[in-house]
Amino acid sequence: MNDPAAPELIDEGRRAFLKVSVAAGGALLIGFYLPAVGRGGVAGVAATELAPNTWIRIGADDSVTLMVASSEMGQGVYTAIPMLLAEELECDWARVRIETAPAARAYFNPLIGMQLTGGSTAVRAYFTPLRQAGATARALLITAAAQTWGVKEESCKAENGVVVHQPSGRRARYGELVGKAATLPVPKAVFLKEPSEFKLLGKPTRRRDTPLKVNGAAVFGQDVRLPGMLTAAVARCPVFGGKLKSFDAAKAKAVEGVRHVLAIDSGVAVVAGDFWTAQRGREALAIQWDEGAHAKASSAQLRSRLEAALKRAGSTARSEGEAEKVLSAAARRIEADYEVPYLAHACMEPMNATAVVTKDSCEVWAPTQAQTGAQTTAARITGLAPEAIKVHTTFLGGGFGRRSEQDFVSEAVQLARLTGAPVKVIWTREDDIRHDFYRPATLNRLSAALGADGLPSAWVHRIAGPSIMARVVPQFAPAMMPAWLPESLKQAGASVAGFVVERRIDATSVEGATNLPYAIPNILVTYAMENGPVPVGFWRSVGNTQNIFITECFLDELAAAAGKDPFEYRRALLKNHPRHLGVLELAAGKAGWGRPLPKGRHRGIAVAESFGSFVAQVAEVSITDGRVRVHRVACAVDCGIVVNPDTVVAQMESGIVFGLTAALKGEITIKDGRVEQGNFFDYPLLRMDEMPEVETHIVKSGEPPGGVGEPGTPPIAPAVANAVFAATGKPVRRLPTRV
Amino acid sequence: MISLIVNGKPQQLEVDPQTPLLWVLRDRLGLTGTKYGCGISACGACTVHVEGEAVRSCVTPLARLAGKRVTTIEGLSRDNDHPVQRAWIELDVPQCGFCQSGQIMAAVALLAKKPRPTDADIDATMSGILCRCGTYQRIRRAIHRAAELRRAGA
Ligand code: FES
Ligand code: FES
């Protein structure tokens, strides 16, 4: 495997996209365009058309400003991304500032092919390009100093924002050198540091956004305020797929302060000077909905559709050996059905967005993960060119995939256009829970054959569920699809759009199942797509949230049937997967696996790879009066080269809490075509008094960086469920866990 | 007209007295540090102090606040130097940060009553303040740390 941290040259192709220029006041500007990796870049756009925008500005006052194209939703990108630049630039970390990048092609995430924060890609996407940009700038500054002083470049060194001529001790601050540096040609080759030379990367580094988040200064989407701004509350059809039939605005308009009552494509909006008034206006609305075809849809009915789908052969997502044949001939067969419910994202900040539309411009302020999508959405609604749409990314009060959608942006832009005023749309918590794009509910049939040694000789996993990609493909450029989760499926040749349609396989439905790491000679994974009325979307770690629960729990069932210890059973099956094995053994060791526990305590273990990282967790649980309590979680993570270890630890804790809510509580149910839950009393989240002691151990690694925002989530539900299995002798085959 | 004191400043408000304090703070006074998360007293994101007591501003009508002193996250300190803020910064508690105003205001009120809170005290007071990002472990540590800083007279 290539080691991205090894000294490396900027190749000719890459260099062509790097541009250096000088700004007023003598600042050094560095722009680049990042060619998309994988499938052919941005659809229909030649790389040469993509103007390199400014990413980095080094001012005469020594300030270093970096455009950050990723959204800060808690995962620490506003710290990790500038660390990449500062490491190679050798600048003063305290002087690095960031600006949020506008929506523009130059800021496309090269792993996704659009400006979108998702798939745990931020560090993976910018790890090499930003270090290269930093190294290039450093080289230019050194050359500028050497030429000024008439000395050899090799005798100069850059350190902490200063170039030093080592023999004479002569020094020049970057700010003094930028004017000259900007006139120099971009060097043909620059060397990147070895990991052993890193000063910043790999060291726990304080988050840059924390001071703003302890005094109310951080501006989230909800907090945007503009002169003359109006605020809207929108009534949407409670039934999925329903439409507006008619409405009577009289009572809403009678509420003092209500300015407008307007039909938009998602329902009826009440617009007022403040949110409280808008919400009271909305309550006063009389609306007739055309509830459409799904008015009677229920969870039971949707489940029976999945049962029927499970009987279909489905499409083959992975096939090795002759799993079905081996299975039918097997002396020992284990079978089990597993299912998971729909889940809402429940970001702490409910959906919202603000927009202003004029004749020839549009500005959007949004807590969005998807700037390109916001820009495209606003362009479609206003009829303006995408370049006329300015997107401002605020802080995000949670994202988890929900904020890659555009429904909230669309409402704000429609209302700004209709009213001619700046409009902020705020969703209530109930709106947020009832009009989400849900983590798909799936039904799974697992069968395995056990050999004489107790190890599985065949494994069949049949999945039935709705497809996220089938919903989003019309919205997204096909070019981004394969790159969305580059490691999930090796789908060379066809675009995923084609793949979904032709073969009815959605990579996000089968990830975590198709990459089952265990050494089993015969494996079959199938997928039967069954799309229903409930809109489905990306939910932290996507398909891995369900498939890892299912495969890791079924594996414990096999271990139990074979009379083997679940940890040893996994070890035996992971001999060819050193990184899985590494985290598994580390987590088990730290948890004291095999050592006696206090009475009433039980352990469960699980391991998974997702988003380029490997995570194992051991959960320690007890059960009292039917209530599962998780006391302790030992987590081991191998995410390759670590940028900010403190962020890795925080993201593991975060992923674990997110997964614990799903494991113990989360369930969205449907009745009469609508979501039955609406707020935190019926869609509860894990609370402080239920928080286990979590310890995270990071494996030292020289592998390329993996993601950290999502990989902490998949293993926790099976680790807990396996501990419950150990406690009760009854496998947990359905989430949330009930004992 | 209702008069109250917000972060030490007298305010006279010509607002429907049934309006929850949350929306008065956010939409009338521009104090957006206090967040809307649920509107029904189920998440704690909107926690502020009324006469030093932690209160859910989303279910507190303005009518109940005549003559009262309200403190929001913006009124906690001038320079992030409140011991709770310092502890939060030291331990890098926030992730997305959206719940943190409520967490901090609840923690400040807890420490005022219990300068040496036990884990059980923390559970009892803080369990109503939800954090979707899962920062609970750091919040617990930061409360203990803030208690130390407070005792040290910081
Ligand atoms: S917004 Fe007040 S408790 Fe949730
Ligand atoms: S930090 Fe995001 S909800 Fe608490």
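Taken in order, these protein sequences are the chains called W and C. So in the UniProt record's numbering, spot 150 of the first sequence is number 150, and the numbers just go up one at a time. So in the UniProt record's numbering, spot 138 of the second sequence is number 138, and the numbers just go up one at a time. Here a beta-carbon is modelled for each residue, glycine too, at the ideal position from N, C-alpha and C.
| Item | Value |
| --- | --- |
| heavy atom of ligand 2 below 7 Å from C:Thr-47 C-beta | no |
| Which listed residue (W:Gly-74, W:Leu-111, W:Ala-412) has its alpha carbon closest to that of W:Ile-264 | W:Ala-412 |
| CA-to-CA distance, W:Ala-559 to W:Gly-589, given in whole angstroms | 19 Å |
| Through-space distance from W:Glu-339 to W:Pro-486, alpha-carbon basis | Its pLDDT being 33, under 50, W:Pro-486 is placed unreliably in this model, and the value from its coordinates should be taken loosely. Whole-angstrom Cα-Cα distance: 26 Å. |
| Alpha helix (DSSP H) runs wholly inside the segment 614-654 of chain W, at least 4 long, in chain order | none |
| Distance, C:Arg-116 Cα to C:Arg-151 Cα | 9 Å |
| CB of residue 823 of chain W within 8 Å of CB of W:Val-224, strictly | This structure gives no information on residue 823 of chain W, because the portion of chain W shown stretches from 1 to 739. |
| Strand pairing of C:Pro-61, partner residues [DSSP] | C:Pro-20 |
| Contact test: C:Ser-41 Cβ vs ligand 1 heavy atom, cutoff 7 Å | yes |
| From W:Lys-180, W:Tyr-174, W:Trp-149, W:Leu-184, residue whose alpha carbon lies closest to that of W:Pro-167 | W:Trp-149 |
| Any non-hydrogen atom of ligand 2 within 7 Å of W:Thr-394 CB | no |
| Ligand 1 heavy atom lying under 7 Å from the CB of C:Arg-64 | no |
| Within 9 Å of chain W by C-beta, residues of the segment 123-147 of chain C in sequence order | Asp-123, Ala-124, Thr-125, Met-126, Ser-127, Gly-128, Ile-129, Leu-130, Cys-131, Arg-132, Cys-133, Gly-134, Thr-135, Tyr-136, Gln-137, Arg-138, Ile-139, Arg-140 |
| For W:Gly-41, the three-state DSSP class (helix, strand or coil) | For W:Gly-41, the predicted structure reports a pLDDT of 35, less than 50, and the residue's modelled location is therefore unreliable. The matter cannot be settled from this model. |
| Segments of 4+ residues assigned as alpha helix (DSSP H) that fall wholly inside the segment 152-195 of chain W | 174-181 |
| First through last residue of the alpha helix (DSSP H) which encompasses C:Ser-101 | 100-113 |
| Any non-hydrogen atom of ligand 2 closer than 7 Å to W:Gly-398 Cβ | yes |
| C-beta contact flag for W:Leu-116 and W:Gly-451 at 8 Å | no |
| 8 Å Cβ cutoff, W:Ala-139 in contact with chain C | no |
| Within chain W, the residues that C:Ala-42 reaches when beta carbons sit closer than 7 Å | Asn-679, Phe-680, Phe-681 |
| Straight-line Cα distance separating W:Gly-512 from C:Gln-137 | 28 Å |
| Contacts of C:Gln-11 in chain W (Cβ-Cβ under 9 Å) | Chain W residues near C:Gln-11: none, gap ~16 Å exceeds 9 Å. |
| Cβ-based burial, W:Asn-515 [other Cβ within 10 Å; buried from 16] | buried |
| Proximity test, Cβ basis, 8 Å: W:Pro-715 and chain C | no |
| For W:Ile-433, three-class secondary structure by DSSP | helix |
| Where W:Val-413 sits in the DSSP three-state scheme | helix |
| Spatial neighbours of C:Pro-61 in its chain, beta-carbon cut-off 8 Å, leaving aside the 5 residues before and after | Pro-17, Gln-18, Thr-19, Pro-20, Leu-21 |
| Residue 809 of chain W CB to nearest heavy atom of ligand 1 below 7 Å | With chain W covering only 1 through 739, there is no way to say anything about residue 809 of chain W. |
| Proximity test, Cβ basis, 8 Å: W:Lys-19 and chain C | no |
| Supposed contact pair W:Val-621 and W:Val-724 - C-beta distance, whole angstroms, cut 8 Å | 6 Å |
| Neighbour list for C:Cys-80 in chain W, Cβ cutoff strictly below 8 Å | In the sequence on display, residue 80 of chain C carries Asn and not Cys. Chain W residues near C:Asn-80: Pro-211, Val-214, Asn-215. |
| beta-carbon W:Cys-362 near ligand 1 non-hydrogen atom, thresh 7 Å | no |
| Cross-strand partners of W:Trp-459 (DSSP beta bridge) | W:Ala-448, W:Ile-523 |
| Nearest to W:Gly-678 (by Cα), restricted to the options W:Ala-721, W:Thr-428, W:Ala-300, W:Gly-592 | W:Thr-428 |
| Contact list for C:Leu-21 against chain W, beta-carbon separation under 8 Å | Under the 8 Å cutoff, chain W gives no residues; its nearest Cβ is about 11 Å from C:Leu-21. |
| Status (buried if at least 16 other CB within 10 Å, exposed otherwise) for C:Arg-145 | buried |
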